[in-house]
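In what follows, a single structure is set out as structure tokens and then discussed.
Residue numbers (my numbering), protein chains in the order written: chain A, 387 to 730; chain B, 387 to 730.
Laid out in structure tokens, this is it:
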């Protein structure tokens with residue numbers, strides 16, 4: 387009852403344009419968080435540098451700049467402030483202190499690249515045209531250094547979902563697996579499976595420069611001997627055959643449905659009877675507006691691809707069935723992505 | 387009790403990087419809201435165009451672009467969606483439907499200009515330097531067309547606070563007032579006083595091109611005969627003397643404290659004994675991090691000025707006293723600004 391009357395009160399509040407103006411200035415939130423990560427403010431606070439003057443000295447900035455930056459981070463929940471002293475709330479301590487094993491700061495580099503942010507200055511034209519003004523090559527360009535940067539900056543972030551996936555597949559049971567990792571990127575999904583299952587052989591597809599990042603991760607995990615490279619474009623390279631498992635992590639969303647179905651046919655052909663395709667994807671509910679994180683991913687696809695999307699489960703189900711798969715199951719993953727397990 | 391245990395549950399939630407990623411993508415919120423305003427989506431929905439296909443047709447966009455844009459606006463609270471049909475929540479109906487008398491869409495143009503947004507790509511360098519890399523002329527440039535645009539886009543938005551101020555000063559009592567409106571911009575504060583008090587004469591200071599916008603507003607309000615122009619830089623122009631009231635609306639925040647004090651001395655000299663200066667300003671609490679809207683204004687001053695700020699009331703009090711004022715009162719205004727009334 388308390389919660390309900392609170393809600394009723396809020397709904398009766400007089401109209402207020404504050405959130406409109408907050409949103410028109412929201413680009414400053416991106417800039418401030420990225421700047422604090424770049425200046426390593428969170429690590430400095432975690433190590434006990436807690437006034438703006440001391441932080442300015444340590445991070446080699448002006449007093450005024452550091453004070454305004456830190457206060458703005460407090461307003462947005464990334465620092466706390468008490469008696470002029472800053473501290474880290476739990477999420478910042480876990481994800482923004484460079485010394486934390488779950489540090490995600492490296493991903494900030496990729497997510498808020500000025501050249502990606504600038505695409506959105508043209509959003510009215512993008513909405514008119516129906517997709518990226520740059521053309522498909524922007525996404526699937528053969529040797530885009532963007533994807534090397536992406537692979538490097540995202541590996542840390544994908545450790546937890548990769549472990550969740552290996553657990554979901556029961557990799558540790560040690561069955562003899564031939565695994566195809568399509569658009570492997572950082573390679574963390576295949577590498578984590580290989581680490582948990584010493585009878586798994588991984589065949590990774592991606593551009594040669596990107597596979598180098600995956601190979602580094604395979605070496606670091608001690609599974610390089612079972613890590614094989616299939617360099618090239620996933621639509622053109624010969625996958626080989628008789629796979630037990632095909633990984634499609636964060637790849638399908640870049641394309642239109644017809645293109646996805648044609649790729650899935652190729653995946654289907656490469657699988658053993660009874661083999662499984664495992665996709666990690668941003669899958670909103672059928673209403674396309676919830677939960678917020680996977681639903682909002684469609685805005686990234688609108689700005690950066692010609693026809694990619696955050697597809698719903700019914701859309702994925704239809705695409706996999708068209709390609710010959712017999713059943714599809716969805717599992718929520720840690721973070722905004724879901725796992726879809728599709729059986730041949 | 388219900389609310390408390392809900393809070394406890396939230397605090398014990400496992401760490402989640404979702405808000406970090408949401409913030410790294412927050413620039414897309416700015417772009418989406420601005421785009422929807424530019425395409426006039428909110429007006430179209432208000433007029434009964436409620437599916438994405440129909441909206442695409444009416445706003446001359448692609449289906450895909452309109453669907454993703456509208457869903458993203460739902461995720462961010464600017465539209466609602468039910469069975470594939472969009473509707474306006476109360477704040478959007480009040481402020482984003484072009485036919486509403488309180489439409490604020492014109493302000494979006496100025497607040498999210500690409501050239502202002504791009505300044506924040508350099509935020510690390512700005513924090514190091516302590517202020518705008520562009521130099522003071524960016525703010526106080528004599529004939530910046532930016533300020534003409536600003537004056538035009540902000541007049542609608544300032545109608546409500548301008549009426550609140552005229553009420554606070556009891557303009558309607560009709561005392562004979564000589565009013566100086568410094569950096570008048572759209573002129574709405576002085577014009578509203580003149581409209582409510584037919585014995586008020588307004589003397590407006592700003593660049594000639596900007597005063598033209600103020601004059602248009604004075605004419606529209608039927609007070610042009612009592613609207614006088616003092617074109618030029620507020621720091622250099624001769625104000626004249628014996629003013630009952632000096633208006634300083636949204637101006638002081640652009641400067642450092644020493645510059646403000648020197649301007650306030652000039653204001654003090656122009657006032658009659660017992661006359662009042664009335665400032666409209668973003669004044670956070672002494673902690674500088676609350677309330678969020680005036681506190682976050684300091685980030686705009688960091689990016690766009692060399693030494694401006696969202697000053698606290700104790701700082702304004704000190705500046706006004708240094709300039710000779712005897713008392714200062716603060717009044718919360720509708721919206722993020724406060725009124726400071728300072729007596730000679």
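Glycine included, every Cβ here is placed at the ideal spot set by N, Cα and C. No experiment lies behind these values; they were computed from the predicted model shown.
(message) Residues of the segment 415-434 of chain B in Cβ contact with chain A at a cutoff of 8 Å, in chain order, please.
(response) Residues 415, 416, 417, 418, 419, 420, 421, 424, 425.
(message) Assuming residue 544 of chain B and residue 503 of chain B are in contact, meaning their beta carbons sit under 8 Å apart, how far apart are those beta carbons, in whole angstroms?
(response) Rounded to whole angstroms, the Cβ separation of residue 544 of chain B and residue 503 of chain B is 23 Å, and the two are not in contact under 8 Å.
(message) On the criterion of 16 or more Cβ atoms from any shown chain inside 10 Å, does residue 644 of chain A qualify as buried, or is it exposed?
(response) exposed
(request) Within 10 angstroms of the Cβ of residue 459 of chain A, are there 16 or more other Cβ atoms? Answer buried if so, exposed if not. (result) Burial of residue 459 of chain A is indicated by the presence of at least 16 other C-beta atoms within 10 angstroms of its C-beta.
(request) Anything in chain B within Cβ reach of residue 467 of chain A, meaning under 7 Å, just list it in chain order. (result) 673, 675
(request) Check whether the Cβ atoms of residue 667 of chain A and residue 700 of chain A lie closer than 8 Å to each other. (result) In this structure, residue 667 of chain A lies away from residue 700 of chain A, with their beta-carbon atoms at least 8 Å apart.
(message) Taking the straight line between their C-alpha atoms, what separation do you get for residue 419 of chain A and residue 508 of chain B?
(response) Across the structure, residue 419 of chain A and residue 508 of chain B are spaced so that their CA atoms are roughly 13 Å apart.
(request) Return no unless some Cβ of chain A is closer than 8 Å to the Cβ of residue 394 of chain B. (result) Summary for residue 394 of chain B: the model assigns pLDDT 45, below 50, so the residue's position carries little reliability; its value from the coordinates is reported in the next sentence. With 8 Å as the cut-off, residue 394 of chain B does not count as an interface residue toward chain A.
(request) Please list the residues of the segment 484-510 of chain B that have a C-beta atom closer than 7 Å to any C-beta atom in chain A, keeping them in chain order. (result) 490, 494, 497, 498, 500, 503, 506, 507, 509, 510
(request) Anything in chain A within Cβ reach of residue 536 of chain B, meaning under 8 Å, just list it in chain order. (result) By Cβ distance, chain A contributes nothing, its closest Cβ being about 14 Å from residue 536 of chain B, past 8 Å.
(message) Alpha carbons only, please: which of B/486, B/433, B/693 is nearest the one belonging to residue 639 of chain B?
(response) B/693
(request) Please confirm whether residue 612 of chain A and residue 586 of chain A have their CB atoms less than 8 Å apart. (result) yes
(message) Please list, in chain order, the chain A residues whose beta carbon lies closer than 8 Å to that of residue 451 of chain B.
(response) 512, 513, 514, 515, 516, 517, 688
(request) Measure the CB-CB distance between residue 415 of chain B and residue 409 of chain A and report whether it falls below 8 Å. (result) When the beta-carbon positions are compared, residue 415 of chain B and residue 409 of chain A come within less than 8 Å of each other.
(message) Residues of chain B with CB closer than 7 Å to the CB of residue 413 of chain A, please, in chain order.
(response) Under a criterion of Cβ atoms nearer than 7 Å, the residues of chain B adjacent to residue 413 of chain A are, in order, 412, 413, 416, 503, 506.
(request) Check the Cβ of residue 405 of chain B against every Cβ in chain A and list those closer than 8 Å, keeping chain order. (result) 463, 477
(request) Kindly say whether residue 685 of chain A, judged by its beta-carbon, lies nearer than 8 Å to any beta-carbon of chain B. (result) yes
(message) Are the CB atoms of residue 547 of chain A and residue 719 of chain A within a distance shorter than 8 Å?
(response) yes
(message) Assuming residue 563 of chain B is part of the alpha helix (DSSP H), what are its boundary residues?
(response) Premise fails: residue 563 of chain B lies in the beta strand (DSSP E), 563-568, not in any alpha helix (DSSP H).
(request) For residue 568 of chain B, decide whether its Cβ has a neighbour in chain A, counting only Cβ atoms nearer than 8 Å. (result) no
(request) Just the chain B side, please: which residues come within less than 8 Å of residue 460 of chain A by C-beta, in chain order? (result) 675
(request) Would you kindly report the start and end of the unbroken beta strand (DSSP E) that includes residue 714 of chain A? (result) 713-718
(request) Name, please, each residue of chain B whose Cβ falls closer than 7 Å to the Cβ of residue 454 of chain A. (result) 684, 685, 688
(request) Would you tell me roughly how many angstroms separate the C-alpha atoms of residue 670 of chain A and residue 632 of chain B, rounded to the nearest one? (result) 55 Å
(message) I'd like to confirm the pairing. Which residues does DSSP put opposite residue 629 of chain B in its beta bridges?
(response) B/657
(request) Could you work out which residues of chain B lie near residue 448 of chain A, taking near to mean beta carbons separated by less than 8 Å? (result) What residue 448 of chain A touches in chain B: 513, 514, 515, 516, 517.
(request) Whole angstroms is fine: what's the gap from residue 610 of chain A's alpha carbon to residue 653 of chain A's? (result) 24 Å
(message) What residue range does the alpha helix (DSSP H) around residue 731 of chain B cover?
(response) Only positions 387 to 730 of chain B appear in this structure, which leaves residue 731 of chain B out of reach.
(message) Distance cutoff 8 Å, beta carbons only. Does residue 401 of chain A sit that close to anything in chain B?
(response) Closer than 8 Å to some Cβ of chain B, the Cβ of residue 401 of chain A qualifies, so yes.
(request) Classify residue 717 of chain B as buried or exposed, calling it buried when 16 or more other Cβ atoms lie within 10 Å of its own Cβ. (result) exposed
(message) For a contact defined as C-beta to C-beta under 8 Å, what are the partners of residue 679 of chain B on chain A?
(response) 404, 407, 408
(request) Starting from residue 364 of chain A, find everything on chain B with Cβ-Cβ shorter than 7 Å and list it in chain order. (result) Nothing about residue 364 of chain A can be read from this structure; chain A reaches only from 387 to 730.
(request) Mark residue 592 of chain A as exposed unless 16 or more other C-beta atoms lie within 10 angstroms of its C-beta, in which case mark it buried. (result) buried
(request) Taking only beta carbons into account, state which residues of the segment 703-724 of chain A come closer than 8 Å to chain B, listed in chain order. (result) 721, 722
(request) Please report how far the alpha carbon of residue 532 of chain A lies from the alpha carbon of residue 443 of chain B, in whole angstroms. (result) 35 Å
(request) Have a look at residue 388 of chain B and residue 468 of chain A and give me their C-alpha separation to the nearest angstrom. (result) Its pLDDT being 37, under 50, residue 388 of chain B is placed unreliably by the model, and the measurement read from it follows with that caveat. The alpha-carbon atoms of residue 388 of chain B and residue 468 of chain A are separated by roughly 28 Å.
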